[in-house]
Structures are given as structure tokens and as C-alpha cells.
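If you use this note's numbering, the sequence shown closes out at 733, no skipped numbers anywhere.
To start, the structure itself, in C-alpha cells.
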Amino acid sequence: MSFATSLMTKGRGTFSAGTINDNWDAPSIVKAFMAFELIWAAFSLIQLVFIFKNLSKLPVSARGPYILLAVVTVFSFIYYLMVGVLTRIRYDYLDVLTANQISVAATGCFTVIAAFQPAVVLWLLQQRGSVMKASKGNALRPFSYRLWKRILDWALVGTLFIIYITFMANNATYVVAIENGTSNRIYNRFLNTSQGLSRAIIALILLSCIDVGVTSIVLFVQAKRAQWNDPVIRRLCQIIVPLFVIYGTLCLTFHIVYSVVVFKTTYSLYGANLAELVLIAMSRVGITTTLVVIMSLAGVQWTPEPMLPSYPESSGQQWSNSKHEETLLASVPQQSYY
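Quick look at the structure:
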């Protein structure tokens, strides 16, 4: 879960770390934060271009996960751009209330990213299971293609999305309370609710990462036993699974840091924000980049193609072959025995 947006909007006071050409007085770490947000926005835009460029190479029935990936990438671009611009203008042009409202909108964009990026991989694994089942016959039951597994995958994605929406609604309620004049009791209630929802979100993110990892590994083992060489499953296991392990570990680590560590200065808080932004965004960008590369792999069977059964020769064909052999034998000169 990303706490950068919510934490950046809680800062107070003015900055006096120096003046640049545009008269923006801010610590260098805040400028670095804005720069990385814009860099990740540019990366997301480039990824989106390659997704649409390679989408036409896939069969229509195999485009579902990548259409969802395009939606996630669009929201990634909007999210990073909004937070980057907000970091630049909030102290010079915006009041606290407007900045918090934009922050809530950015949280809504991040909700789509966090909930549906794992869904792209799980959907792709379901498709690979369907293709493997059709290629190797009905005797094989791929793990990702089983009905209960597909229900579990989408239930996990839907629950994470709903909890994130609740978290965003809680933030929006607090922004309205600030506008109407809030009390310490309301602030404490908001804080307790926010902490509880944050723990639930972290737990669901970890479960999503575990789901992706277990499904990829089990499907890879099944494909290997069935002697089905699939470059998509192989790259999901080799690259995507480690990236999701890193992503889940980082989310849990920063959640613990923000929950336990008391930041004595605003500068140290922004340092934690910057580290979270760079590390977690790198893992998410790596996941999307790998999925884009998979689109252009050669020799991938994207649609289910059933095995063609091998039928024995018909009796008529066998009779014809035997008559042909008899004719050949009759035409061969017989050796004399005298």
C-alpha cells in the first residue's frame, strides 16, 4: 500500500532549503520526490504505448488480461502525474483542503493499481491453464483453471478493491470534516479507522502476492510434468513471482515502519516517503514491463487448440495396402530351384 500521498498532505510549515529558477523553496528531498513521480508517470505512458502496439498481435480471445493491464497503466500514469504535480503546487498555490481533496482523488487511482495489477497476472494464469488443458487433453486439470481457484482469485481481487474504496471513503469523510470544523474525537475516530483499514489492505496485498506465487509455481510444475513447454509460464515464474515477493515484502516493511517509527522531523518523514516511492514503484513497473515483453514472445500458443486424435487405418485402406503388396510380390521373378 502506498502511504506517500496521504503522508505528503499532512505536512505543515514552510520550506526554506534554497531557491531554484522558478522560486520554488523546498528541500531537495521533496524535489527528488516530485522528480521520481514524474519519471514513473513517463514510464507508465511508455508502457501504455507498447501495450497498445502489441495488442493487435494477440488473438481477440487472449486480449482480456492485457486490456485490464492497459486500464491499470492508465491509472498509474494519472496517479503518478497527480501526486507529482500536487507535490509541486500544494504549498504555493493550494490550501490544505484543496490539497487533501486532490490527494483523495489520487488515492482512488491507486486503488485500481493495487487491486487489479495482481488480477492481470491471475487472469493470464487462468488463460494459460485453459490452453494447457486443451493441448494435453481432458485428463490434465491445471491448477489455475479449476473453478474454485478462479472464484477464489476474483473474490480476493474484489475484496481488496472494496477495502481500498472504503479506505478512500474514510479519507474523503475526514476531508469533509475538516471543512466543517473537526474535533479531536472525530480525528481519533478517523485515525483508528484508517489504521484498521490499512492493516486489512496489507493483509490482502500479501495474500494476493502469495496467490500469484503459488499459482505460478504449481502451474509451472504441472506444465513440466505434462512436457508442455510454455514460455509465458516460465517467465512468470522466473521474473513475475520474485517481483511480487519483493513488492509484498516492501509493502509490509513500510507499513511496519510507519506504524512503529516516530519521525522526529519532517525531513525524515519525507525520506521514508521517497524510499517507499522508489522501491515499490520499481517493483510495480518491473511487473508491468515483464507483462508487456511477454506479449511479443515468439512461439506462444495463445488460444486453446485441442489435440488431434490419431485414428487407426481403416479396414479398406489396410485391404488396399495388402492387395498392393500381393501385386508387387507377383511381379517379382521367382528364383528357380533347379
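C-beta atoms are modelled at their ideal positions from N, C-alpha and C, and glycine is treated no differently.
What's the C-alpha gap between residue i and residue j?
{"i": "TRP543", "j": "SER530", "result": "22 Å"}
{"i": "TYR582", "j": "PHE447", "result": "45 Å"}
{"i": "GLY532", "j": "SER539", "result": "16 Å"}
{"i": "GLN485", "j": "THR684", "result": "Per the sequence presented here, residue 485 reads as Arg, with Gln not at that position. Cα to Cα, the separation comes out at about 31 Å."}
{"i": "ILE424", "j": "ILE682", "result": "26 Å"}
{"i": "MET677", "j": "ILE462", "result": "22 Å"}
{"i": "ALA534", "j": "ILE597", "result": "38 Å"}
{"i": "LEU586", "j": "ALA509", "result": "22 Å"}
{"i": "PRO422", "j": "PHE562", "result": "30 Å"}
{"i": "ARG584", "j": "ASP606", "result": "33 Å"}
{"i": "TYR569", "j": "ILE560", "result": "14 Å"}
{"i": "TRP351", "j": "LEU669", "result": "In the structure as shown, the chain starts at 396 and stops at 733, and residue 351 therefore has no counterpart that could be examined."}
{"i": "THR588", "j": "SER451", "result": "45 Å"}
{"i": "LYS528", "j": "SER691", "result": "23 Å"}
{"i": "ALA595", "j": "VAL657", "result": "22 Å"}
When DSSP labels each residue in this structure, what does residue i get in the three-state scheme?
{"i": "ARG541", "result": "coil"}
{"i": "ASP734", "result": "An answer regarding residue 734 cannot be provided, because it is not within the stretch 396 to 733 covered by the chain."}
{"i": "ALA676", "result": "helix"}
{"i": "LEU592", "result": "helix"}
{"i": "ARG536", "result": "coil"}
{"i": "SER691", "result": "coil"}
{"i": "GLN622", "result": "coil"}
{"i": "LYS659", "result": "coil"}
{"i": "PHE556", "result": "helix"}
{"i": "GLY741", "result": "Shown here, the chain extends from 396 to 733; a query on residue 741 therefore has no answer."}
{"i": "TRP518", "result": "helix"}
{"i": "ASP606", "result": "helix"}
Between the Cα of residue i and those of the options, spot the shortest distance and give me the residue it belongs to.
{"i": "CYS632", "options": "ASP490, VAL480, LYS528 and VAL613", "result": "VAL613"}
{"i": "LEU464", "options": "GLN442, ARG483 and LEU489", "result": "GLN442"}
{"i": "GLU432", "options": "PHE472, ASP420, LEU592 and ALA500", "result": "PHE472"}
{"i": "PHE556", "options": "VAL516, ILE546, TRP435 and LEU599", "result": "LEU599"}
{"i": "ASP420", "options": "ALA437, THR482, LEU450 and PRO460", "result": "THR482"}
{"i": "VAL466", "options": "VAL480, TYR488, PHE505 and ASN495", "result": "PHE505"}
{"i": "VAL571", "options": "ARG629, PHE470 and THR493", "result": "THR493"}
Can you tell me whether residue i is buried or exposed? The criterion is at least 16 other CB atoms within 10 Å of its CB, across all chains shown.
{"i": "VAL636", "result": "buried"}
{"i": "ARG679", "result": "buried"}
{"i": "GLU574", "result": "exposed"}
{"i": "GLY503", "result": "buried"}
{"i": "PRO513", "result": "buried"}
{"i": "ASP490", "result": "exposed"}
{"i": "TYR475", "result": "buried"}
{"i": "THR610", "result": "buried"}
{"i": "MET429", "result": "buried"}
{"i": "ALA501", "result": "buried"}
{"i": "GLY591", "result": "exposed"}
{"i": "ALA618", "result": "buried"}
{"i": "GLU700", "result": "exposed"}
{"i": "ASN566", "result": "buried"}
For the alpha helix (DSSP H) that contains residue i, what are its first and last residues?
{"i": "THR698", "result": "No alpha helix (DSSP H) holds THR698; DSSP gives it neither H nor E."}
{"i": "GLN442", "result": "423 to 450"}
{"i": "ILE628", "result": "626 to 630"}
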